[in-house]
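Novice: Okay, here's the structure, questions in a sec.
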Amino acid sequence: MRCIVAALLLFAATAAAAGALTETPRTWAELLVPIPAQRLDELETADVERIRETRDRLDQLLTATDTEADALAAIYGRLGVLYAAHRLYAGAELALSNARALDPQNLRWAYFAAHIALEQGEAAQALDLLTEAERIDPDFPSLALRRGEALLGLNRLAEARTAYTKAADDAALRAAALYGLGQIDLLERQWGDAAARFDEVLQLQPDADAVHYPLGQALIGLGRRDAARTHLAQRGAIKPRFTDPLIEGLRSLQTGARFQFERGVAAVKRRDYAAAAAGFAAGLDAEPGNVRARTSFARALWLSGEKKAAADALHRAVAEDPDQTLPRFLLAVMQDAAGDTATAVVSYRAVLASDPAHAGASSYLADLYLRRGDFGDAALHFERAIAAGATELPLLLHYWGALRNAGTDDSVLRDRLVAFDRRFPEPPVFRYLLATLLATSNDAAVADPARAVEIATTLNTEQPIPPHAELLALSLAAAGDFGEALQVQQGLIEWARMTGNWAEVAVLQQTADDYRAGRLPGTPWTRYDPMFQPGPADPEPVMRNYPAGQPY
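Written out as structure tokens, the structure is:
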């Protein structure tokens with residue numbers, strides 16, 4: 010609804026091009042709303058022409074004396090679909106509103122309008138439109154599923170559960186319906202039911218990797234943290250598919266390059282990268298100057314194994330539009346991975362010169378600096394990445410290591426760990442580091458062995474693993490209880506002996522000797538501690554997952 014209001018305001022505030030579409034003839038004036046010309050300056054020429062041709066056809070039909078209402082509705086519907094394909098939702102809603110008024114018993118128009126409302130997150134509007142569609146054809150298969158989606162968006166959980174349960178009886182809809190039911194179970198803290206439903210979704214559609222994250226949440230609720238971590242690490246964006254002939258018909262109304270690009274995008278979602286590359290290539294034959302699509306083409310080529318062709322496509326994209334940051338960033342990661350760090354630094358900096366808030370370029374450049382020991386520069390660029398919205402746990406861990414190696418005051422290091430632990434309480438890596446810092450700091454204002462013992466005791470009780478036991482021994486020694494520290498350390502030595510890890514036995518024994526002598530061991534971290542070192546640059550996850558904004 011808000012898009013319709015926005016479009017009408019635009020119509021009132023701007024001088025639209027003259028024509029029957031913007032000034033509805035008297036014959037149709039009581040039934041139809043005018044549709045102001047939409048801003049098309051960001052679209053490709055071929056797309057603009059298709060929209061203008063459709064508007065011209067509507068002008069002709071509106072002024073003709075023998076136009077049938079259903080024929081006029083079909084062209085309004087086509088205009089709505091074209092607008093929606095280009096995310097011109099205000100015009101799409103107006104056009105489909107007219108199609109519904111002209112042909113109120115045609116399920117397509119109400120259903121298309123509901124689909125567009127759901128895409129925009131307008132759950133209340135979508136529910137009204139789905140109710141209208143249900144009056145036209147109550148037996149249309151996917152109505153219950155879409156109704157559940159709208160009701161869930163409105164937090165009407167009991168009604169949403171009823172709708173999804175009905176949809177789950179249809180084999181073609183079951184995976185998507187179970188996904189919805191699982192989300193309701195999560196909201197109602199029914200962890201076991203949620204986990205069971207998400208498990209079944211993955212059995213039905215193993216590539217639906219968007220399911221892993223809510224499944225991980227359910228497993229955390231069940232106390233199965235190790236299994237949860239496995240699924241959380243596999244989180245993705247592919248939701249369960251379902252058969253919807255009307256939406257497939259909507260897609261078929263797209264023609265030309267954009268149709269091919271949409272084929273490419275759909276293939277990417279199902280991880281058929283060779284088909285994705287073919288789709289983008291076909292679209293680029295019609296629109297060779299579409300740099301966004303060429304960048305997507307390059308990514309699909311890379312992921313299908315055509316790495317040289319991918320690099321060539323990215324170089325062409327950069328040459329054709331130097332202001333586009335994504336192709337330049339992807340090239341920088343490729344250069345970084347190939348060991349050409351000097352060129353990679355230049356490329357990362359070029360991205361940041363165009364877009365100082367580019368989180369990817371900042372974080373990858375920070376990693377590069379950290380790997381080669383430029384700790385101050387690394388910390389600076391990690392800070393910029395965080396300011397741009399990067400929040401991943403490994404990035405925060407590497408940032409803290411860069412700060413420490415750059416000589417940052419322990420008070421700042423402590424405060425960062427406290428803040429990071431609030432953001433990521435699990436796994437408790439930042440609490441582990443905080444206890445270590447409190448036990449070993451030479452800054453009297455920071456050192457707090459008693460608090461370190463408290464944290465270490467809790468960690469070792471909740472998760473009795475060797476690193477937590479070592480931390481407890483260190484904290485006890487820092488608090489002056491060397492006897493208890495030695496006892497804990499001896500237990501670690503016995504464990505290492507039982508596992509046959511004799512190198513570890515020697516290291517643990519040296520620390521035990523320190524405790525026996527009443528002294529603390531040396532620094533707990535080396536300058537290049539693996540905990541704080543990123544791995545080598547890897548283009549694969551960037552090519553697969555880095556957000557494109559607009560893929561074409």
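Residue numbers (this note's numbering): 10 to 561.
The beta-carbon is built from N, C-alpha and C at its ideal position, and this holds for glycine as well.
Small disclaimer: the values here were computed from a predicted structure and weren't measured.
In chain order, what residues of the same chain lie with their CB nearer than 8 Å to the CB of Val210, ignoring the 5 residues before and after it?
Specialist: So the list reads Ala184, Leu187, Tyr188, Gly191, Ala217, Val220, Pro249, once near-sequence residues are dropped.
Novice: Helix, strand or coil: which one does DSSP assign to Ser151?
Specialist: It is coil, neither helix nor strand.
Novice: Which same chain residues, not among the five before or five after Ala415, have their C-beta less than 7 Å away from its C-beta?
Specialist: Within the same chain, Ala415 has close Cβ partners Phe384, Gly385, Ala388.
Novice: Select from Gln214, Phe251, Gly201, Ile256 the residue whose C-alpha is nearest the C-alpha of Thr237.
Specialist: In the sequence as displayed, the identity of residue 237 is Ala instead of Thr. The option with the nearest alpha carbon to Ala237 is Gly201.
Novice: Could you give the distance in angstroms between the alpha-carbon of Asn451 and the alpha-carbon of Ala487?
Specialist: The straight-line gap from Cα to Cα measures roughly 11 Å.
Novice: Here's a check: name, in chain order, each residue in its chain whose Cβ is nearer than 6 Å to the Cβ of Ile464, leaving out the five neighbours to either side.
Specialist: Correct list, in chain order: Arg440, Ala444.
Novice: Please classify Asn164: is it buried, with 16 or more other beta-carbons within 10 angstroms of its beta-carbon, or exposed?
Specialist: By the 10 Å Cβ count, Asn164 comes out exposed.
Novice: If you measure from the beta carbon of Asp75 to each beta carbon in chain B, is any gap under 8 Å?
Specialist: Looking for chain B here will not work: only one protein chain is present.
Novice: What would DSSP say about Lys248, mapped onto helix, strand or coil?
Specialist: Coil at Lys248, not helix or strand.
Novice: For Ala546, which residues of its own chain have a beta-carbon under 8 Å away from its beta-carbon, when the five flanking residues on both sides are left out?
Specialist: For Ala546, where only same-chain residues beyond five positions count, the Cβ hits under 8 Å are Val342, Asp345, Ala346, Ala353, Tyr373, Asp376, Leu377.
Novice: Thinking C-alpha only, which one of Ala119, Asn510, Ala396, Gly382 is nearest Pro147?
Specialist: The shortest Cα separation from Pro147 among Ala119, Asn510, Ala396, Gly382 belongs to Ala119.
Novice: So Phe289 and His407 are supposed to be a Cβ contact under 8 Å. How far apart are they, rounded?
Specialist: So it is not a contact: roughly 34 Å between Cβ atoms.
Novice: Tell me whether Arg37 sits in a helix, a strand or coil according to DSSP, three-state version.
Specialist: Before going on, a small fix: residue 37 reads as Trp here, not Arg. Coil, per DSSP.
Novice: Are the beta-carbon atoms of Leu339 and Leu361 separated by less than 8 Å?
Specialist: It is not a contact, given that the beta carbons lie outside the stated cut-off.
Novice: Could you give the distance in angstroms between the alpha-carbon of Phe251 and the alpha-carbon of Gly225?
Specialist: Near 23 Å, if we compare the C-alpha coordinates of Gly225 and Phe251.
Novice: In angstroms with no decimal places, state the Cα-to-Cα distance between Thr304 and Pro550.
Specialist: Each residue's Cα considered, the two are about 15 Å apart.
Novice: Per DSSP, what kind of secondary structure is Thr31 in: helix, strand or coil?
Specialist: It is coil, neither helix nor strand.
Novice: Quick check on Glu503: does DSSP put it in helix, strand or coil?
Specialist: Helix at Glu503.
Novice: Can you give the Cα-Cα distance for Leu213 and His240, rounded to whole angstroms?
Specialist: Cα to Cα, the separation comes out at about 16 Å.
Novice: DSSP three-state call for Phe306: helix, strand or coil?
Specialist: Of the three classes helix, strand and coil, the one that applies to Phe306 here is helix, per DSSP.
Novice: With distances taken from CA atoms, which of Leu71, Ile60, Asp50, Arg66 is nearest Val42?
Specialist: The candidate whose alpha carbon is nearest that of Val42 is Leu71.
Novice: I'd like to check one pair, Gln333 with Val300: are the Cβ atoms closer than 8 Å?
Specialist: Yes.
Novice: Please report the residue range of the alpha helix (DSSP H) in which Phe289 lies.
Specialist: Counting along the chain, the alpha helix (DSSP H) containing Phe289 begins and ends at 282 to 295.
Novice: Can you tell me where the alpha helix (DSSP H) with Pro475 in it begins and where it stops?
Specialist: Start and end: 475 to 487.
Novice: On the criterion of 16 or more Cβ atoms from any shown chain inside 10 Å, does Ala104 qualify as buried, or is it exposed?
Specialist: Per the 10 Å Cβ criterion, buried.
Novice: Check this for me: beta carbons of Arg337 and Ala359, under 8 Å apart or not?
Specialist: Yes, the Cβ-Cβ distance between Arg337 and Ala359 is below 8 Å.
Novice: Taking all protein chains shown into account, decide if Ser420 is buried (16 or more other Cβ within 10 angstroms of its Cβ) or exposed.
Specialist: It counts as exposed.
Novice: In chain order, which continuous runs of the alpha helix (DSSP H) of length 4 or greater are located wholly inside the region 101 to 171?
Specialist: Qualifying alpha helix (DSSP H) stretches, in chain order: 116 to 128, 132 to 145, 152 to 162.
Novice: Please classify Arg423: does DSSP put it in a helix, a strand, or coil?
Specialist: Arg423 falls in the helix class under three-state DSSP.
Novice: Look at the alpha carbon of Leu485 and the alpha carbon of Glu479, and state the distance between them as a whole number of angstroms.
Specialist: Whole-angstrom Cα-Cα distance: 10 Å.
Novice: If you follow the alpha helix (DSSP H) that Tyr555 is part of, which residue opens it and which one closes it?
Specialist: Taken as a continuous stretch (DSSP letters only), Tyr555 belongs to no alpha helix (DSSP H), as it is neither H nor E.
Novice: Taking 8 Å as the cut-off, decide whether the C-beta atoms of Ala167 and Ala142 are in contact.
Specialist: In this structure, Ala142 does not lie closer than 8 Å to Ala167 by Cβ.
Novice: Where does Ile44 sit, in a helix, a strand or coil, going by DSSP?
Specialist: In this structure, Ile44 counts as coil in the three-state DSSP scheme.
Novice: From Pro539 to Ala370, what distance separates their C-alpha atoms?
Specialist: When rounded, the distance between both Cα atoms is 23 Å.
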